[in-house]
């Protein structure tokens, strides 16, 4: 089995670190230990709420094994929806296509289960969507299926559409320089 690989700076060979707050939100990715400590001290001194509490500095790990997925059926405003929470996508190094190849089987099974339980549910205005943690160093993504019945009727089409949405959002964020590994 492949294990997540420790990350080093390609220029100087120094070990790199990721910084997390006490809720597990990634605040910095791929920085030196000195930079991690300096930035944490600066952000705590100005009272930044994301940096409040205990800050954890951990060796940076990269590779597909760091990806975290959680697929659930949620009741939202009286409707059953399928949510797939994706964390650590950037450190995993996976492309959106690789992410969807990995998540598709469990997403399909959960959509089919939710569709069977939501037979009398009225159609949602939008069958699928996504939400993203804007402004986070490693943004969490939630893939949302608002209408499991409509999605189950056209699984390939709806999931392909959802994949295109994610590709466009992530591509736009990367093009704007919003997500960088490091400072």
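In our numbering, the protein residues as written are 1 to 183. Idealized CB from N, CA, C, for every residue including glycine.
Would DSSP call residue i helix, strand or coil?
i           : result
residue 25  : coil
residue 85  : strand
residue 74  : strand
residue 131 : strand
residue 69  : strand
residue 171 : helix
residue 52  : coil
residue 80  : strand
So residue i and residue j are supposed to be a Cβ contact under 8 Å. How far apart are they, rounded?
i           : j           : result
residue 137 : residue 27  : 6 Å
residue 156 : residue 115 : Not a contact, Cβ separation roughly 15 Å.
residue 120 : residue 60  : At roughly 49 Å, the Cβ-Cβ gap does not stay under 8 Å, so residue 120 and residue 60 are not in contact.
Distance check for residue j and residue i, CA to CA, integer angstroms please.
i           : j           : result
residue 64  : residue 39  : 28 Å
residue 143 : residue 103 : 10 Å
residue 117 : residue 98  : 29 Å
residue 111 : residue 148 : 5 Å
residue 161 : residue 124 : 16 Å
residue 45  : residue 91  : 28 Å
residue 166 : residue 159 : 11 Å
residue 14  : residue 32  : 7 Å
Would you mind sorting residue i into buried or exposed? The rule is 16 or more other CB atoms within 10 Å of its CB.
i           : result
residue 81  : buried
residue 75  : exposed
residue 30  : buried
residue 122 : exposed
residue 164 : exposed
residue 171 : exposed
Touch check for the stretch 78-90 and the stretch 60-69: three-plus C-beta pairs under 8 Å? yes
Assess, as a yes-or-no matter, whether the stretch 17-26 is touched by the stretch 50-65 under the definition of 3 or more beta carbon pairs within less than 8 Å. yes
With three or more C-beta pairs closer than 8 Å as the rule, is the stretch 120-134 touching the stretch 143-152? Yes, since at least three Cβ pairs between the stretch 143-152 and the stretch 120-134 fall closer than 8 Å, the two stretches touch.
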